[in-house]
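The structure under discussion appears below in the form of structure tokens.
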Amino acid sequence: MANIILLGPPGAGKGTQAERLVKERGMVQLSTGDMLREAKSSGTEMGKRVAAVMEAGGLVTDDIVIGLIEEKLQKGAPGGFIFDGFPRTLKQADALADLLARKGLSLDAVIELVVDDKALVGRIVKRADDARAKGLAVRKDDTPEVFEVRLREYYKNTAPLIGYYWAKKSLQQIDGMAEMDAVSAAIAKVLDKG
Ligand code: AMP
Numbered sequence: 011m012a013n014i015i016l017l018g019p020p021g022a023g024k025g026t027q028a029e030r031l032v033k034e035r036g037m038v039q040l041s042t043g044d045m046l047r048e049a050k051s052s053g054t055e056m057g058k059r060v061a062a063v064m065e066a067g068g069l070v071t072d073d074i075v076i077g078l079i080e081e082k083l084q085k086g087a088p089g090g091f092i093f094d095g096f097p098r099t100l101k102q103a104d105a106l107a108d109l110l111a112r113k114g115l116s117l118d119a120v121i122e123l124v125v126d127d128k129a130l131v132g133r134i135v136k137r138a139d140d141a142r143a144k145g146l147a148v149r150k151d152d153t154p155e156v157f158e159v160r161l162r163e164y165y166k167n168t169a170p171l172i173g174y175y176w177a178k179k180s181l182q183q184i185d186g187m188a189e190m191d192a193v194s195a196a197i198a199k200v201l202d203k204g
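Structure below.
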């Protein structure tokens, strides 16, 4: 059983890898992006409040996302939690540490998917094209313009977490530019070592 964070910019492959871990290891994926999109589509008050921020590529306030995570942590996860797209700020990282400590849970690894920025926008455009081809909903923030804002937010607010977790000796960096299966194998290696 391991609780892990998948860290990396938008388009790094966090969601894809998290889905595989859910299938293969029975872990529970906690994606704040998915939770927020769900709140938006079900038309809750909170969903309405965050919609514009998300569509513009900005970050939703810390209190909202911390509240969402707190709620999901109550349910427990025998196979471990995968934090996907959370934490995204130092305040969220501190809050997560508190929440886990209160529940007697550990944070076993922070896995950074290291990617080349220039390849990311191509991945995002492909994600939108693939969704369109399958007749699925296309994320409004998967456009080159909004992507640039999301990437800036990442460098400004989220990239500092790399140093934060490195200092805590939790950081594991893996090559996110490798083939999907090779990335999965690298993640498995980290998980099976622990
Ligand atoms: P994602 O699906 O992780 O790319 O998230 C989509 C959008 O949801 C982001 O661009 C933010 O607007 C919002 N969001 C998701 N997770 C967080 C978070 N941990 N903190 C703040 N905003 C978030």
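Basically my numbering = 1-based index in the sequence shown + 10. In this text, a Cβ means the ideal position worked out from N, Cα and C, and glycines have one as well. As the structure is a computational prediction, the values presented were derived from the model and not from experiment.
7 Å CB neighbourhood of Asp152 in its chain, flanking five on each side removed: Ile134, Arg137, Ala138
Under the three-state DSSP convention, the category Ala66 falls into: helix
Beta-carbon gap between Leu75 and Phe96 smaller than 8 Å: Looking at the sequence shown, residue 75 is not Leu but Val. Cβ atoms of Val75 and Phe96: closer than 8 Å.
Proximity to Ala128 [Cα-Cα], best of Ser194, Val148, Asp118, Phe157: A small fix is needed here, since residue 128 is Lys in this sequence, not Ala. If you compare the alpha carbons of Ser194, Val148, Asp118, Phe157 with that of Lys128, the shortest gap goes to Phe157.
Three-state class that DSSP yields for Val124 in the structure shown: strand
beta-carbon Val70 near ligand 1 non-hydrogen atom, thresh 7 Å: yes
Inter-residue spacing [alpha-carbon to alpha-carbon] between Met37 and Asp126: 28 Å
Ser51 - containing alpha helix (DSSP H), residue span: First-last of the alpha helix (DSSP H) with Ser51: 42–51.
Proximity of Lys69 and Glu163 at Cβ, strictly below 8 Å: A small fix is needed here, since residue 69 is Leu in this sequence, not Lys. Yes, Cβ-Cβ distance for Leu69 and Glu163 is below 8 Å.
Proximity of Val131 and Gln183 at Cβ, strictly below 8 Å: no
Spatial neighbours of Gly21 in its chain, beta-carbon cut-off 6 Å, leaving aside the 5 residues before and after: Short of 6 Å from the beta carbon of Gly21, and not among the five residues preceding or following it, lie these beta carbons of its own chain, in chain order: Leu130, Arg133, Ile134.
8 Å CB neighbourhood of Ala107 in its chain, flanking five on each side removed: Leu117
6 Å Cβ shell around Gln39 - same chain, five flanking residues per side excluded: Ala28, Val32, Ile92, Asp94
Expected contact under 8 Å - CB spacing of Ile15 and Ile172 to nearest Å: Their Cβ separation, rounded to whole angstroms, is 11 Å, which puts Ile15 and Ile172 out of contact at 8 Å.
Selected residue, minimal CA-CA separation from Leu100, among Asp73, Thr26, Glu48: Asp73
Assumed close pair Met11, Gly86 - CB separation to whole angstroms, cut-off 8 Å: Actually they are not in contact, since the Cβ atoms of Met11 and Gly86 sit about 11 Å apart, beyond 8 Å.
Distance between Arg160 and Arg59 (C-alpha atoms, nearest Å): 18 Å
Which of helix, strand or coil DSSP assigns to Phe91: DSSP places Phe91 in strand when its eight states are reduced to three.
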